[in-house]
Structure formats: structure tokens, C-alpha cells
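Position 218, counted from 1, in the sequence shown is what the numbering used here calls 218; the numbers after and before it change by one each time, with no gaps. Each residue gets a CB set at the ideal place from its N, CA and C atoms; glycine is no exception. Bear in mind that the values here come from a model prediction, so they are computed numbers and not experimental data.
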Amino acid sequence: MVRLLLALFWVIIASFTLGDRVLAATLENLPMPNVANTEKILGPAGEIFEFATCNTDDIGFTIAQAQIPPGAGPLPHIHHYTNEWFWTPEGDLRLFQSIKEYPDLNQPATSDQAGNAIVYTVNTEPKQIVYGPKYRVHGFSNTSNVTKPLTFIWLEDPSSPEYKYKDGGIREYFQDVGIPIEDLNNLPAITDEAREKFVTQATQYGINQSYYFFQYVDGVFSSLPKGLAGLNDDQNLARIIQAINDYNQGKISVNCF
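The structure is reproduced here in C-alpha cells:
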């Protein structure tokens, strides 16, 4: 089954290259679970997130469609309990990621602890998908002057402790530190308390979150090294897509909410 899914998967994926290095892949469509009432949360930089979480017998993940305001995006951070994908329907988002890994939640990428990271950037095109494994310093920014869509997937890593939603803690993190949205036409105010909690509460959910860009970063380069070129986890991405399609077709083996 997995081989079949991968074969189908690669029919809709094509490489995006610079020279002889694969930067990202193009995914024409990323399905969303048909959940009646998605949970909507406002992020610390004015990002609007709409969450759905799916569980099967062997995987758990959260997927979120987001609207990213101009110039917005998370400061450098590290996930310990999730592996992540970014799908860029319209492009114009600059993603960055380190090669160096930081596997100790108690030793973040500060100069006086595990040491700063060098990060490498990718300027995304429409419908690209970029993979970010756990332990890497990463983040992104909207480099355009208009709000841009971005879809996130966070897959629970086998090393994760058990969280309520079986997704590596990511949805509980946003529930804890974000601001609930009741009306998309009347957004709540972003508070200093919410911005502070985005950093201070992060380790409870397996995340090291920086206060400012160069707290974790020592240099930024646009030339992609071999350690990042072609980085992917296509097998798990195919499993995620299959789980969403199964849920949307009414199969009881998948629960999404």
C-alpha cells in the first residue's frame, strides 16, 4: 500500500531545482480534512490559523491553514516532538532552516548553551512543499506586501510524550498561547501577554522558541548546502495525505476534528 501511495504521490510532484540541487517539491493540491468547525486561533504576529487534527491507529498529526500578514512569521525555533511540512499555495514566503541539530530541549541554540545556528533560506514559489525535521532551527517570513496563505502539517514524532490530541503537543500549544477567534471579521487584539507566552510556554510542548532573531542564529545564507538539498519525508507525507482522503471518504479508521 505504501509503495502504491508513493507511486501515485510522485505523479503529482515535480522537482524544483537550482543547478543540480533540489530545493523543494511542487505539490499541486494538499487536501484538508472536511471538519465542520475548524478551531481558529490568532498568532502573536497577527497570523490566522484554522486547525484540524487527525488520528489513525499509527499516526497523529495537526494540519492548519494560515493567513500570514506582510512581514510576519515566527522567530527562529526548534521542534522536538514534531516533524513539519510547509505548503505554499501562492509562494512569496522565505523559509529558513539549519543543518545543525539541537536534540536537547534543555540546551537551546543560544551562544552560551548549545551554540548558535547557521540558517539557509529558500524563497518559495506557488504550490511548493518544504519539509522541516525535528531538532532544526527554522522559521519563515512573508516577504510580500500582501497577506499570503500557508498550510502547516505537524506530525507527531515517535519520541513525543503523550499529549491530548496525539499530535506532539502542537495544537495544545497554540490553544495555550494563542487568542481564540470567534469572528473572522472582528479579530481580537494581540496582547503582550500572548506574545510573551508564545516563548515562555513553548518548552512545555517540546519547542525552543527564541525572543529575537539572532538569539539562535549566527548567520544567514541563501546558497543551499547538500545537507538541506533534497530533504524530505515523502513516505510519511503520503501517509498523511492518504489519512485525510480516507477521512473525507468516510472511513472510520481515521478520526479528524
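Neighbourhood of residue i by C-beta, 8 Å cutoff - its chain only, sequence neighbours within 5 removed
i: Pro33; result: Ala52, Cys54, Ile63, Ile244, Tyr247, Asn248 and Cys256
i: Asn208; result: His77, Ile78, His80, Tyr102, Leu105, Pro108, Ala109, Ala202 and Tyr216
Strand pairing of residue i, partner residues [DSSP]
i: Leu95; result: Val122 and Phe140
i: Glu156; result: Thr82
i: Ala45; result: Looking at the DSSP assignment, Ala45 forms no beta bridge with any residue, so it has no partner.
i: Phe61; result: Cys54 and Leu155
i: Phe214; result: Paired residues: none, contrary to the question.
i: Thr88; result: Gln128
Own chain, CB closer than 6 Å to residue i, minus 5 neighbours either side, in chain order
i: Val177; result: Lys197, Phe198 and Gln201
i: Pro126; result: Glu90 and Gly91
i: Gly206; result: His80, Tyr81 and Gly169
i: Thr147; result: Gln67 and Pro69
i: Ser160; result: Tyr81 and Gly168
i: Ile179; result: Leu42, Pro188 and Ala194
Candidates the options, of which the one nearest residue i by Cα
i: Tyr212; options: Ile190, Gln235 and Asn116; result: Asn116
i: Gly119; options: Leu237, Pro225, Arg239 and Gly250; result: What sits at residue 119 in the sequence shown is Val, not Gly. Minimum Cα distance to Val119 is reached at Pro225.
i: Asp218; options: Phe61, Glu28 and Phe96; result: Phe96
i: Asn232; options: Glu84, Val35 and Pro70; result: Glu84
i: Phe49; options: Gln67, Ser144, Leu93 and Asn37; result: Gln67
i: Ala72; options: Ile240, Leu237 and Thr143; result: Thr143
i: Gly227; options: Thr151, Gln65, Thr121 and Arg239; result: Thr121
i: Asn185; options: Pro149, Val35, Lys40 and Ile59; result: Lys40
i: Val220; options: Ile190, Val137, Pro31 and Gln235; result: Val137
Sequence-distant residues of the same chain with beta carbon closer than 7 Å to residue i, five excluded per side
i: Leu4; result: Reliability of the predicted coordinates at Leu4 is poor, the pLDDT of 35 falling under 50, and the value obtained from them is presented with this limitation in mind. Contacts found: none.
i: Glu193; result: none
i: Gln113; result: Gln107
i: Ile99; result: Pro225, Gly227 and Leu228
i: Asn145; result: Pro70
Rounded Cβ spacing between residue i and residue j (contact assumed at less than 8 Å)
i: Glu172; j: Lys164; result: 6 Å
i: Pro74; j: Gly139; result: 5 Å
i: Thr56; j: Leu150; result: That pair is no contact at about 25 Å.
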